[in-house]
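Residue numbers (UniProt numbering), protein chains in the order written: chain A, 1 to 108; chain B, 1 to 108.
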């Protein structure tokens, strides 16, 4: 487990904190990322596409606005998002508390 | 997303609730399970081994006793467990609140 802090991630605002739960060798090239991610109020993770892999977000805490391949919707704890290969997404914290979610990238 | 309730899971006590976040076709045979699991106070998930796959638990809420291939340790929110192929694990809720965790099975 290691923690990474990324500024202006994918062209977003502010800082994103990524708590990596698995190391690469544990994922056996089946998954590309398994992490708990925190976006502070006013910060965001910019729009980006996935190719040859999908990414799932599972919201644990906070309130966000999610771009599902460009289409915006509100997300909150308990919500699941899924970006298949060839699509893109982004997520902004629009609340007053940290926005915390699980991120899982699956190859294929 | 669908919810499953399992009695005496893997020989454990009481009931375990599994909120499946991804369906099989979304996991492309790279992962076997991606779920938020809840074990109520006094309930447990019995000991079981994994072969040809690993399983990671990430504890979100509550307090438990985890069997790491037989060795016991306490787990709480923020803890990560990893069971490689060929090893086994179990988890019991020993607190007064629900024990909630993420479960991810990766093939290979």
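Idealized CB from N, CA, C, for every residue including glycine.
Computed from a predicted model, the values in this text were never measured in an experiment.
Practice task
Under 8 Å Cβ to Cβ from residue 31 of chain A, same chain only, skipping five residues before and after it: list those, please.
Solution key: 22, 104, 105, 106 and 107
Practice task
Would you mind working out which of B:69, B:92, B:4 and B:1 sits nearest residue 51 of chain B, comparing C-alpha positions?
Solution key: Just measuring C-alpha positions, the residue of B:69, B:92, B:4 and B:1 sitting nearest residue 51 of chain B is B:69.
Handout entry: residue 86 of chain A, buried or exposed, once every other Cβ within 10 Å from all chains shown has been counted against 16
Key = Exposed, because fewer than 16 other Cβ atoms sit within 10 Å of the Cβ of residue 86 of chain A.
Problem - Proximity of residue 100 of chain A and residue 62 of chain A at Cβ, strictly below 7 Å - result: Yes.
Handout entry: Proximity test, Cβ basis, 7 Å: residue 80 of chain B and chain A
Key = yes
Handout entry: Contact set between residue 106 of chain A and chain B, taken where Cβ atoms lie within less than 7 Å
Key = 27, 28, 30 and 31, listed in chain order.
Practice task
Could you tell me whether the Cβ of residue 21 of chain B comes closer than 7 Å to any Cβ of chain A?
Solution key: yes
Handout entry: Chain-ordered chain A contacts of residue 87 of chain B [CB-CB under 9 Å]
Key = Per Cβ cutoff of 9 Å: no residues; residue 87 of chain B is ~13 Å from chain A at best.
Exercise for the section: Measure from the C-beta of residue 66 of chain A to each C-beta in chain B and report whether the shortest distance is under 7 Å. Expected result: no
Problem - Short Cβ contact (7 Å threshold) for residue 53 of chain B with residue 83 of chain B - result: No. Outside cutoff.
Exercise for the section: Could you check if residue 72 of chain B is buried or exposed, using at least 16 other CB atoms within 10 Å of its CB as the buried criterion? Expected result: exposed
Practice task
Could you check if residue 77 of chain A is buried or exposed, using at least 16 other CB atoms within 10 Å of its CB as the buried criterion?
Solution key: Label assigned to residue 77 of chain A: exposed.
Problem - Where residue 3 of chain B falls, given that 16 or more other Cβ within 10 Å makes a residue buried - result: exposed
Practice task
Using the DSSP secondary-structure output, state which residues sit across from residue 51 of chain A in a beta bridge.
Solution key: According to DSSP, which records beta bridges pairwise, residue 51 of chain A is partnered with nothing at all.
Problem - Pick from A:102, A:80 and A:10 that is closest to residue 43 of chain A, judged by C-alpha positions - result: A:10
Practice task
Check distances from the C-beta atoms of the stretch 44-61 of chain A to those of chain B and list, in chain order, the residues that come in under 7 Å.
Solution key: 54, 56, 58 and 60
Problem - Extent of the continuous beta strand (DSSP E) run through residue 27 of chain B - result: No beta strand (DSSP E) holds residue 27 of chain B; the alpha helix (DSSP H) holding it covers 24-27.
Problem - Residue nearest to residue 95 of chain A in terms of C-alpha spacing, selected from A:46, A:66 and A:25 - result: A:66
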